[in-house]
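Sequential numbering of the sequence shown, starting at 26, is according to our numbering.
Written out below as structure tokens is the structure these notes cover.
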Amino acid sequence: MRATMMDYPLTLTQYLERAGTLLKDSEIVTRLPDKSLHRYRYGDFHRRARQLASALRRAGLERGDPVGTMMWNNYPHEECYFGVPAAGCVLHTLNFRLHPNDIAYIANHAGDRFVIVDDVLLPLFEKVRPEIAPERVFVVALSGQPVPEGYENYEDLLASGDPDDDLPALDERDACGVCYTSGTTGRPKGVVYSHRAMVLHTMAMCMTEPFGVSQHDTIMPVVPMFHANGWGLPYGAVATGARVVLPGPHLDPVSLLDLCQVERVTFAAGVPTIWNGILQALDAEPDRWSLDPRLRTAVGGSAASEAMIRGFDRHGVRTIHAWGMTEMTPLGSAGVIKATMGELGEDAQYDYRAKQGIAMPFVDMRLINDAGTAPWDGETMGEVQVRGPWIAAAYHNSGELGDKWTEDGWLRTGDVATIDSEGYMKITDRTKDLIKSGGEWISSVDLENALMGHPAVSEAAVIAARHEKWDERPLAVIVLKEGAEADADALQGHLAGDFAKWWLPDDYLFVDEIPRTSTGKFLKSALRERFEGLLVGEGGG
Ligand code: AMP
């Protein structure tokens, strides 16, 4: 017997159209740069996203053409999330926290034909513009200032489109978005998402477990929309009709808590750095805010500590710990407690919730170490490898696959973990040596190479040091050339011209030699062991 179902393409356009007709009264709230709130409904959002799609096509963009965005979490960005793919184009969210050289590299590598920029980010964009060649640049004027000369107004672009224009019929395997990741060594790599991957990822994310997103929710993506598709929340909202609250550029704990309170947010997502700050604010003034009793948070990007999960529980806010990566759209696993595990004591529950959790539906997961497939005994470590319909099978135009994929087609995540007999994964280490500061990667190799460019430096290894606020910060371990002299200030000054400020090491340690592996590479694990207890930054030494 053969299946008799229609072969209907899974495209984001369907979510957009349904939202514009069946869910048109749901609201999107944006905190603007001056902190006032902009509100409109899905009906308006739908019309404007369609106008954008029409305008891009009328302006000559074709299927597969990338459109860059350099934007905060705001309603025009949400319009781009749907309007760009609905035109058959590819949304390229630029991570504006990168160094301008990297942003330029990424925009050029993707071949962004148009770029859309928030006016408050123009000073940053100006540093990138001489290095890139988009045909047109549009400015979103949310701060009320006129659009400067040399730029076009995003509103004029919209006005050139007609919401009633037909949208192109798309194939579910067409590209809808691209994010670049610095999660591996070398230059950033492009992960190109298909409509099909995004639609399936959205559905899985919204299921009752893990995140249970519905039109009864008010959801607030704190995770930047430039990072791994804002973890899929901008799509999940429109797919379900959830009310959306977008915080714009105001990400300090008090601003976020005020917004949560006033707009009755029920679901928010972000990295541990953000939540640690919020927890400290709540602990300091426990009676200041009255949050919605349904408020829950998805925390990922780095490990959510058990202490943080317990801390939020004391304030009635439930933390859902999730793990993923840009190459996985990003959701891979989440810390849900299985009903079949029976009555668990309090400590056991926290133990499970602090793990990275069980694999999502459609995410096949295995653990591989030198001995082959590692047993799921909660003790044996191995590299987590995954495959599934929203997991990358290659990088954009990067030639060789390198060692990121196994011969039998699994993605090597670079994360080392144990998995227990119930299937709960717990990350213990990373195979790669990058540093994750406040949810964003810092490449130790790039810093090392630059440091070793200083005339007084013989060897430099940069490792992740624990940091109270940012989770990890770079710590540079330096061997000076014999007879040469350079102090921390000199080295910092040497790096300052080439790296974003937040990439610069927090501290420098001068040693006689750096331990090496048998093949002559720096043995960073030994350095990490040696300096493990060193806490840099606030509260540290
Ligand atoms: P990115 O592609 O920037 O999202 O980074 C992905 C990497 O972040 C993963 O390979 C992990 O190393 C790390 N990561 C993400 N979520 C978690 C988590 N919940 N716990 C620990 N590490 C995480």
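The beta-carbon is built from N, C-alpha and C at its ideal position, and this holds for glycine as well.
As the structure is a computational prediction, the values presented were derived from the model and not from experiment.
1. Which residues bound the alpha helix (DSSP H) around Phe292?
2. Let me check understanding here. Comparing Cα to Cα, which of Arg339, Ala486, Asp127, Thr438 lies closest to Tyr205?
3. Determine which residues share a DSSP beta bridge with Arg343 and list them.
4. Kindly indicate which residue of Ala80, Asp376, Ala132 has the alpha-carbon position closest to the one of Ala158.
5. Determine whether the beta carbon atoms of Ala511 and Leu505 lie at a separation below 8 Å.
6. Under three-state DSSP, which class holds Glu408?
7. At a threshold of 7 Å, does Arg347 count as lining ligand 1 (C-beta to nearest heavy atom)?
8. According to DSSP, is Met477 helix, strand or coil?
9. Any heavy atom of ligand 1 closer than 7 Å to the beta-carbon of Met385?
10. Could you round the C-beta distance between Met353 and Trp415 to whole angstroms and report it? I think they count as a contact, below 8 Å.
11. Where does Ala515 land, buried or exposed, given buried means 16+ other C-beta within 10 angstroms?
12. Between Ala399 and Thr405, what straight-line distance do the alpha-carbon atoms span, to the nearest angstrom?
13. Identify whether Tyr65 lies in helix, strand or coil by the three-state DSSP scheme.
14. Taking 7 Å as the line, does the beta carbon of Thr351 fall inside it for any heavy atom of ligand 1?
15. Per DSSP, Glu497 forms a beta bridge with which residues?
16. Do Arg221 and Leu47 have their C-beta atoms within less than 8 Å of each other?
17. Do the CB positions of Arg56 and Pro272 come within less than 8 Å of each other?
18. For my contact list, Ile299 and Val269 are in at a C-beta cut-off of 8 Å; report their separation, rounded to the angstrom.
19. With distance defined between alpha-carbon atoms, name the residue in Glu408, Ile383, Lys380, Ala384 nearest to Ile393.
20. Please state if the CB of Arg161 and the CB of Glu177 are separated by a distance shorter than 8 Å.
21. Judging by CA-CA distance, which residue of Leu183, Pro188, Asp144, Ser168 is the nearest neighbour of Gly175?
22. Rounded to a whole number of angstroms, what is the C-alpha to C-alpha distance between Pro213 and Ser207?
23. Note down, in chain order, each residue of its chain lying with its Cβ closer than 8 Å to the Cβ of Gly261, except the 5 sequence neighbours on either side.
24. Would you say the beta carbon of Gln410 comes nearer than 7 Å to a heavy atom of ligand 1?
25. Under 7 Å Cβ to Cβ from Arg11, same chain only, skipping five residues before and after it: list those, please.
26. Given Ser543, which residues of its chain have a CB within under 7 Å of its CB, disregarding the five upstream and five downstream residues?
27. Please classify Met309: is it buried, with 16 or more other beta-carbons within 10 angstroms of its beta-carbon, or exposed?
28. Buried or exposed, going by whether 16 or more other CB atoms sit within 10 Å of the CB of Gly45?
29. Please classify Lys380 as buried or exposed, where buried requires at least 16 other C-beta atoms within 10 Å of its C-beta.
30. Just to check, is the beta-carbon of Ile416 closer than 7 Å to a non-hydrogen atom of ligand 1?
31. Between the stretch 424-440 and the stretch 468-483, are three or more C-beta pairs nearer than 8 Å?
32. How many angstroms separate the CA atom of Ala293 from the CA atom of Lys60?
33. For Phe337, is the classification buried or exposed, using 16 other Cβ atoms within 10 angstroms of its Cβ as the cut-off for buried?
34. Going by beta-carbon coordinates alone, are Thr438 and Met350 separated by less than 8 Å?
35. Roughly how far, in whole angstroms, is the beta-carbon of Gly85 from the beta-carbon of Pro193, given that I think they are within contact range, below 8 Å?
The short version:
1. Residue mapping note: residue 292 aligns to position 267 of the sequence shown, counting from 1. Boundaries for Phe292: no alpha helix (DSSP H) harbours it, while the beta strand (DSSP E) harbouring it runs 292-295, taken from the DSSP string.
2. Reading the sequence shown from its first residue, position 180 is the one you call residue 205. Selected option, being the one with the closest Cα: Asp127.
3. The residue given as residue 343 occupies position 318 in the sequence shown. Assignment of beta-bridge partners to Arg343 by DSSP yields Arg321.
4. On the sequence shown, residue 158 is found 133 positions in, with the first residue counted as 1. Residue Ala132 holds the alpha-carbon nearest to the alpha-carbon of Ala158 among Ala80, Asp376, Ala132.
5. Locating residue 511 in the sequence shown gives position 486, where the first residue counts as 1. Locating residue 505 in the sequence shown gives position 480, where the first residue counts as 1. Contact annotation: Ala511 and Leu505 have beta-carbon atoms nearer than 8 Å.
6. Here residue 408 refers to the residue found at position 383 when the sequence shown is read from its first residue. Three-state result, Glu408: strand.
7. Working through the sequence shown from its first residue, we reach residue 347 at position 322. The residue you asked about is not Arg; residue 347 is Ala in the sequence shown. Because some heavy atom of ligand 1 lies under 7 Å away, the Cβ of Ala347 counts as near it: yes.
8. Residue 477 sits at position 452 when you count from the first residue of the sequence shown. Of the three classes helix, strand and coil, the one that applies to Met477 here is coil, per DSSP.
9. Start at 1 with the first residue of the sequence shown, and residue 385 comes out as number 360. Because no heavy atom of ligand 1 lies under 7 Å away, the Cβ of Met385 does not count as near it: no.
10. The residue labelled residue 353 in the question sits at position 328 within the sequence shown. The residue labelled residue 415 in the question sits at position 390 within the sequence shown. About 7 Å; that satisfies the 8 Å criterion.
11. Walking along the sequence shown from the start, residue 515 turns up at place 490. Exposed, since its Cβ has fewer than 16 Cβ neighbours within 10 Å.
12. As a first step, residue 399 must be located in the sequence shown, where it is residue number 374. As a first step, residue 405 must be located in the sequence shown, where it is residue number 380. Straight across, the Cα-Cα distance linking Ala399 with Thr405 is about 6 Å.
13. As a first step, residue 65 must be located in the sequence shown, where it is residue number 40. In this structure, Tyr65 counts as strand in the three-state DSSP scheme.
14. Within the sequence shown, the letter at position 326 stands for residue 351. Thr351: yes, Cβ under 7 Å from ligand 1.
15. Against the sequence shown, residue 497 aligns to sequence position 472. Beta-bridge pairing by DSSP links Glu497 to Arg491.
16. Within the sequence shown, the letter at position 196 stands for residue 221. Within the sequence shown, the letter at position 22 stands for residue 47. Between Arg221 and Leu47, the CB-CB gap reaches or exceeds 8 Å.
17. Taking the first residue of the sequence shown as 1, we reach residue 56 at position 31. Taking the first residue of the sequence shown as 1, we reach residue 272 at position 247. Taking the C-beta atoms as reference points, Pro272 is found nearer than 8 Å to Arg56.
18. For this step, residue 299 is matched to residue 274 along the sequence shown. For this step, residue 269 is matched to residue 244 along the sequence shown. Contact annotation, Ile299 with Val269: C-beta distance approximately 18 Å; criterion of less than 8 Å not satisfied.
19. Against the sequence shown, residue 393 aligns to sequence position 368. Nearest of Glu408, Ile383, Lys380, Ala384 to Ile393, Cα basis: Glu408.
20. In the sequence shown, residue 177 corresponds to position 152, counting from 1. In the sequence shown, residue 161 corresponds to position 136, counting from 1. Taking C-beta atoms as the reference points, Glu177 and Arg161 count as a pair closer than 8 Å.
21. The sequence position of residue 175 within the sequence shown is 150, counting from 1. Comparing Cα positions, the closest option is Asp144.
22. Residue 213 sits at position 188 when you count from the first residue of the sequence shown. Residue 207 sits at position 182 when you count from the first residue of the sequence shown. C-alpha of Pro213 to C-alpha of Ser207: approximately 5 Å in a straight line.
23. Here residue 261 refers to the residue found at position 236 of the sequence shown. Sequence-distant partners of Gly261 (beyond 5 residues in either direction) whose C-beta falls short of 8 Å from its own C-beta, in its chain, are Thr227, Met230, Cys231, Phe236, Val238, Ile244, Ala267.
24. One-based indexing of the sequence shown puts residue 410 at position 385. Checking the Cβ of Gln410 against ligand 1 gives no.
25. There is simply no residue 11 to check, as the chain begins at 26 and stops at 566 in what is shown.
26. Counting from 1 along the sequence shown, the entry for residue 543 is found at position 518. Because Ser543 sits at a pLDDT of 40, beneath the cut-off of 50, its placement in the model cannot be relied upon, and the following sentence gives the value as read from the coordinates. Taken in chain order, the list of residues that qualify is empty.
27. Locating residue 309 in the sequence shown gives position 284, where the first residue counts as 1. For the record, residue 309 in the displayed sequence is Ala; it is not Met. Per the 10 Å Cβ criterion, exposed.
28. Locating residue 45 in the sequence shown gives position 20, counting from the first residue. Looking at its Cβ environment, which holds 16 or more other Cβ atoms inside 10 Å, Gly45 is buried.
29. Taking the first residue of the sequence shown as position 1, residue 380 is located at position 355. Burial of Lys380 is indicated by the presence of at least 16 other C-beta atoms within 10 angstroms of its C-beta.
30. On the sequence shown, residue 416 is found 391 positions in, with the first residue counted as 1. Ile416 Cβ: outside cutoff for every heavy atom of ligand 1.
31. Using a C-beta cut-off of 8 Å, the stretch 424-440 makes no contact with the stretch 468-483, since fewer than three inter-stretch Cβ pairs fall below that distance.
32. Along the sequence shown, read from residue 1 onward, the residue named residue 293 stands at position 268. Along the sequence shown, read from residue 1 onward, the residue named residue 60 stands at position 35. Roughly 19 Å separates the two Cα atoms.
33. What you label residue 337 is simply residue 312 of the sequence shown in a count that begins at 1. Under this definition Phe337 is a buried residue.
34. Residue numbering aside, residue 438 sits at position 413 when the sequence shown is read from its first letter. Residue numbering aside, residue 350 sits at position 325 when the sequence shown is read from its first letter. Yes, the Cβ-Cβ distance between Thr438 and Met350 is below 8 Å.
35. Numbered from 1 along the sequence shown, position 60 holds the residue referred to as residue 85. Numbered from 1 along the sequence shown, position 168 holds the residue referred to as residue 193. Not really, about 14 Å apart at Cβ, beyond 8 Å.
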